[in-house]
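Note that the working numbering has the sequence shown beginning at 407, numbered continuously upward.
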Amino acid sequence: MELRVLRYFLTLAREESISRAAEALYITQPTLSRQLSDLEAELGVQLFTRGKRKITLTEEGVLLRRRAEEMTELADKTERELRARTERLAGVVSVGAAETYASELLVRAIDSFRKKYPDVTFQLDAGIADHVKERIDAGLLDLGLLIEPGDIAKYDFLRLGVEDRCGILMNASAPLAEREYVTVQDLAGLPVVGPAREGVRQFYRNALGEAFDRLNFIASFNLVNNAAWFARLGTGYVFTIEGTLRHFGTPDLVFRPFRPELHQSTFLVWKKYQPLSRAVQAFIEEMAMLVRHDNA
407 MELRVLRYFL
417 TLAREESISR
427 AAEALYITQP
437 TLSRQLSDLE
447 AELGVQLFTR
457 GKRKITLTEE
467 GVLLRRRAEE
477 MTELADKTER
487 ELRARTERLA
497 GVVSVGAAET
507 YASELLVRAI
517 DSFRKKYPDV
527 TFQLDAGIAD
537 HVKERIDAGL
547 LDLGLLIEPG
557 DIAKYDFLRL
567 GVEDRCGILM
577 NASAPLAERE
587 YVTVQDLAGL
597 PVVGPAREGV
607 RQFYRNALGE
617 AFDRLNFIAS
627 FNLVNNAAWF
637 ARLGTGYVFT
647 IEGTLRHFGT
657 PDLVFRPFRP
667 ELHQSTFLVW
677 KKYQPLSRAV
687 QAFIEEMAML
697 VRHDNA
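Next up, the structure:
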């Protein structure tokens with residue numbers, strides 16, 4: 407088995423489509439199909455079940471995926487170690503980041519990393535999870551800082567150990583601002599501004615119960631920057647996480663957490679089965695080291 411063909415196999419396992427996999431690999435569909443058919447013939451097993459809409463792995467295919475991941479990871483690690491002896495680390499690391507407390511961890515990691523590797527620079531792209539994932543999938547971003555629920559199963563990831571409390575952003579003069587926390591019942595009948603993403607709405611629905619769907623939603627948002635004006639003008643109560651308050655730390659706004667407390671975890675994610683540049687791999691290791699230090 408050639409490593410090149412194993413990478414073809416892993417890409418198809420990820421994309422679940424010959425056309426998308428061929429596009430990601432910059433080869434033709436017939437070439438990819440032939441290479442994978444030769445691999446099945448070489449191993450004497452069927453690796454894929456070819457359906458009308460997508461291609462799925464057989465049991466043998468799942469086993470090969472695990473082994474192929476190990477082999478390609480070892481090959482990539484060996485290559486990085488050999489290059490590190492002769493090459494100076496340089497390049498650009500692009501990161502898509504949500505609005506979260508973990509942004510502080512990201513910047514701290516960038517600072518410590520650049521002290522070691524001053525020839526590496528960073529490009530930051532703020533956005534919601536869907537935007538970040540789309541750009542990672544398209545190869546436009548190396549890494550993503552995502553908040554659950556983020557559907558991260560298709561990515562490799564590092565759990566950052568950072569949790570944001572969920573709650574409500576409101577005007578400091580609002581009646582609920584006098585409380586230490588809010589409940590979903592406190593919001594009944596009030597003008598509420600909620601998340602537009604269905605995955606996030608389902609997260610709140612599961613946590614807060616049916617009362618969530620009975621709230622008086624007057625607007626929805628993807629990024630809280632614009633939605634914060636509802637709170638600033640006293641015209642709405644905005645669902646958000648505590649980390650975003652750092653962007654709006656003005657006396658006219660306050661954040662009140664939910665009771666019982668509700669948290670969202672944060673992850674650093676990157677594309678599976680995709681060779682990473684030395685700079686990106688080294689930065690992931692820097693983040694992991696910082697996370698271990700903070701959690702020690």
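Just so you know, even glycine gets a beta-carbon here, dropped at the ideal spot from N, CA and C.
| Item | Value |
| --- | --- |
| Would you report the Cα separation of Trp676 and Ser579, rounded to the nearest angstrom? | 42 Å |
| Could you check whether the stretch 445–465 touches the stretch 507–514, counting it as contact only if at least three pairs of C-beta atoms, one from each stretch, sit closer than 8 Å? | no |
| Per DSSP, Thr641 is paired with what? | DSSP lists no partner for Thr641. |
| Skipping 5 residues on each side, what residues in its chain have a beta carbon closer than 7 Å to that of Gly595? | Asn622 |
| Take the Cβ of Met695 as the centre, count every other Cβ of all protein chains shown within 10 Å, and call the residue buried at 16 or more, exposed below. | exposed |
| For Ser671, is the beta carbon positioned less than 7 Å from some heavy atom of the ligand GDP? | Among the ligands in the structure shown, none appear at all, so the ligand GDP cannot be discussed. |
| Please tell me whether Leu438 and Ala428 are closer than 8 Å, where the distance is taken between their beta carbons. | yes |
| So if DSSP puts Gly550 in a beta bridge, which residue, or which two residues, is it bridged to? | Gly502 and Val675 |
| Alpha carbon to alpha carbon, how far is Glu476 from Ser425? | 25 Å |
| For Val686, which residues of its own chain have a beta-carbon under 6 Å away from its beta-carbon, when the five flanking residues on both sides are left out? | Val499 and Asp548 |
| CA-CA distance, Ala474 and Leu416? | 7 Å |
| Using three-state DSSP, classify Pro581 as helix, strand or coil. | helix |
| I need the boundaries of the alpha helix (DSSP H) containing Ser518, first residue and last residue. | Ala508 to Lys522 |
| Below 8 Å between beta carbons: does that hold for Ala559 and Val599? | no |
| Relative to the C-alpha of Thr672, which residue among Cys572, Arg472 and Ser683 is closest? | Cys572 |
| Would you kindly check if the distance between the Cβ of Val501 and the Cβ of Leu546 is under 8 Å? | no |
| Where does the unbroken alpha helix (DSSP H) through Thr437 begin, and where does it stop? | Gln435 to Leu449 |
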